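Visitor: Here the sequence shown stands for residues 0 to 452, where the numbers follow numbering that gives the first Met the number 0.
The beta carbon of each residue, even a glycine, is placed where N, CA and C say it ideally should be.
The structure presented is a predicted model; accordingly, all values stated were derived computationally and were not measured.
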Amino acid sequence: MRIPSDIFRAYDIRGTVGDQITPDIIRAIARAYATRLGEPQGKQIVVGRDLRESSLELQQAAMEGLMEAGCHVIDIGRAPTPLVYFAIGAYRADGGLAITASHKPPEFNGMKVREGEWPFYGEQLQELYRLTAAGDFASGQGSCEQRDIYDHYFEIAAGQVELERPVKVILDLGNGAGTLTAPTLLKRIGADVQTLFEEPDGTFPNRSPDPLSTAAIRPLAEKVLQTGSEIGIAIDADGDRIAVVDHTGEMVWPDKYVMPIFRALLEKRYKDFVTEVRCSQSLIDYVQERDGTLHMAACGYPFILEQMRKTGAAMGFETTGHCYFHNPYIKFDDASFAAARMLESISWSDQSLREIVAEAPVYYTSEEARTECPDEHKFVVAEKVAQTYAADHEIITVDGARILFANGWALIRASNTGEELVMRWEANSPEGRDEIGEELVRRVEAITKEVVG
């Protein structure tokens, strides 16, 4: 059996069902994962699945592979990805597999992997590919039990949140796995909740599984306006990130919607927070003006979590909508818990989300721009572009190059997941933004031509 190498991505395993992802391939990967644990006999592994039509068969295949290696499988059934992570900690398991393709369309599937409670990514996934392709697996006699983790999760998560008043919220579940946790949790903490697209349906018939776009968010915005709600929150297909609209129906991007949560934490004397290199200067200024520090990490959840560990940060987030909290029980990206913390911060304020965001300095940010560049050249091109600015500008090199200007910044970095360069730029005026961007694109095109030919 041929194992496709390209399904082993930077942070997960993902491909199209039927050719790249099959039950046999998932079974082999799961057995290789168990082998990698070393002496897998009796090791406890949590397995759960999202709501895609292919997920049940793939979960069964993964559990078979684990048991063939001797593992004891804890089957939690249908579950958002964060619930798999929560169950690993709750049951003190040795690891976990979440059958999901995250926010990809329904024809995709795959898995997210944990070793203990820690992220499994990068070279670890490449090692897993090599083990799977080699086919030299451990053998044993495993077992399986079904457990219901939901009641324990709701008890723990609700116990971490206290609303001052019942915030009126529209919750867009997009027919995804978040429907299994978010409505119950938000109602339990006392929110006034109305839902959109709550019926579980792995074909995602009502909107994209990725809510972080103005098109996907449109039904939520309309419902917020129609009902006079304070906020609208949309959850992605596997329940680990959120998109937000304010009471006017306007989309609020992640580096803006975290402001009320950051402010509430700053008022409790927490000072350290973590973001990544794509973050708006608006949030950096907002935190600094309140005597806090926003530490910068490379893009990707393992790097956010590691920077949080180093700095003792109270919260971290990615501009893709993943939020992380310094919490002994929920120390991973959980959309339901993030939504609860968002409502908590708003309930304790006499200002709306829109009013809180309006307190921050205004910057004008470009859309993310991508240009093709072969893997063997993309890091060289990004570095050479940065060098052309080095004499006149401060450069942050945490992940690619964030080039600082008097009125803004520009980012050039090699993609973690494709043969391309990723760019974004920002300034305190639209004219300044366009000027920075035009110059960056000109330099990238010239150096790409020079390096690639």
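1. Determine whether the beta carbon atoms of Leu-172 and Phe-153 lie at a separation below 8 angstroms.
2. Compare the Cα-Cα distances from Lys-309 to each of Asp-271, Glu-434, Ile-355 and Glu-382 and report the closest residue.
3. Using DSSP's beta-bridge definition, name the partner residues of Ser-142.
4. Across the region 217 to 234 and the region 330 to 344, are there enough close Cβ pairs to call them in contact, namely three or more that are closer than 8 angstroms?
5. Let me check understanding here. Comparing Cα to Cα, which of Ala-97, Phe-261 and Ile-87 lies closest to Gln-59?
6. Whole angstroms is fine: what's the gap from Pro-105's alpha carbon to Ala-334's?
7. Just the C-alpha distance for His-321 and Ala-176, rounded to the nearest angstrom, thanks.
8. Can you tell me where the beta strand (DSSP E) with Glu-317 in it begins and where it stops?
9. Could you tell me whether the region 310 to 318 touches the region 259 to 279, using the rule of 3 or more Cβ pairs below 8 angstroms?
10. Tell me where the alpha helix (DSSP H) around Arg-262 begins and ends.
11. Which whole-angstrom value describes the C-beta separation of Val-244 and Met-250, a residue pair presumed to lie in contact below a C-beta threshold of 8 angstroms?
12. Going by DSSP, what residue range makes up the alpha helix (DSSP H) through Phe-85?
13. Can you tell me whether DSSP reads Lys-103 as helix, strand or coil?
14. Does any C-beta atom of chain C lie closer than 8 angstroms to the C-beta of Pro-81?
15. So the candidates are Thr-447, Ser-142 and Ser-365; which of them puts its Cα closest to the Cα of Ala-409?
16. May I have the straight-line CA-CA distance separating Gln-306 from Asp-332, to the nearest angstrom?
17. Can you tell me which residues form a DSSP beta bridge with Arg-77?
18. With DSSP run on the structure shown, which of helix, strand or coil describes Ala-390?
19. Three Cβ pairs or more, each shorter than 8 angstroms: is that satisfied between the region 31 to 40 and the region 3 to 19?
20. Quick check for students: name the residue ranges of the alpha helix (DSSP H) that lie wholly in the region 208 to 249, counting only runs of 4 or more.
21. Within its chain, find whatever has a CB closer than 8 angstroms to the CB of Ala-405; leave out the 5 residues flanking it on each side and keep chain order.
22. When DSSP labels each residue in this structure, what does Gln-306 get in the three-state scheme?
23. How do the region 143 to 152 and the region 75 to 88 stand: do at least 3 beta-carbon pairs fall below 8 angstroms, yes or no?
24. Tell me, please, which residues DSSP counts as bridged to Cys-322.
25. What residue from Gly-139, Asp-23 and Thr-226 has the CA that sits closest to Arg-1's CA?
26. Within 10 angstroms of its Cβ, does Asp-391 collect 16 or more other Cβ (buried), or is it exposed?
27. So, at 7 angstroms on beta carbons, what are the nonlocal neighbours of Arg-277 in its own chain, with the 5 sequence-adjacent residues on each side left out?
Guide: Taking the geometry as given:
1. Taking 8 angstroms as the Cβ cut-off, Leu-172 and Phe-153 do not qualify as a contacting pair.
2. Distances from the alpha-carbon of Lys-309 to those of Asp-271, Glu-434, Ile-355 and Glu-382 put Asp-271 closest.
3. Paired residues: His-71.
4. Cβ pair count under 8 angstroms is three or more, so yes.
5. When only C-alpha atoms are compared, the closest one is Ala-97.
6. Using only the alpha carbons, I get a separation of about 20 angstroms.
7. Taking the straight line from one Cα to the other gives about 16 angstroms.
8. Glu-317 -> no beta strand (DSSP E), and no H or E assigned at all.
9. These segments touch.
10. Note, Arg-262: alpha helix (DSSP H), 258 to 266.
11. Between Val-244 and Met-250 a beta carbon distance of about 5 angstroms is seen, short of the 8 angstroms cut, so the two are scored as contacting.
12. In this chain, the alpha helix (DSSP H) harbouring Phe-85 covers 80 to 89.
13. Lys-103: coil per DSSP, three-state reduction.
14. Protein chain content of the structure displayed is limited to a single chain, and chain C is not contained in it.
15. For Ala-409, the closest alpha carbon among the candidates Thr-447, Ser-142 and Ser-365 is that of Ser-365.
16. CA-to-CA, the gap between Gln-306 and Asp-332 works out to about 15 angstroms.
17. In the DSSP output, where bridge partners are listed per residue, Arg-77 has Arg-48.
18. In the structure shown, Ala-390 falls within a coil segment according to DSSP collapsed to helix, strand and coil.
19. They do not touch, by the three-pair rule.
20. Listed in chain order, they are 213 to 226.
21. Once the five neighbours on either side are set aside, Ala-405 has no close Cβ partner at all.
22. Note: Gln-306 maps to helix in three-state DSSP.
23. Counting Cβ pairs under 8 angstroms, three or more are found: they touch.
24. Looking at the DSSP assignment, Cys-322 forms a beta bridge with Phe-316.
25. Distance check between Arg-1 and each of Gly-139, Asp-23 and Thr-226 places Asp-23 closest, using alpha-carbon atoms only.
26. The residue is exposed, with fewer than 16 neighbouring Cβ atoms inside 10 Å.
27. Excluding positions up to five away in sequence, the list reads Cys-298, Thr-318, Leu-410 and Arg-423.
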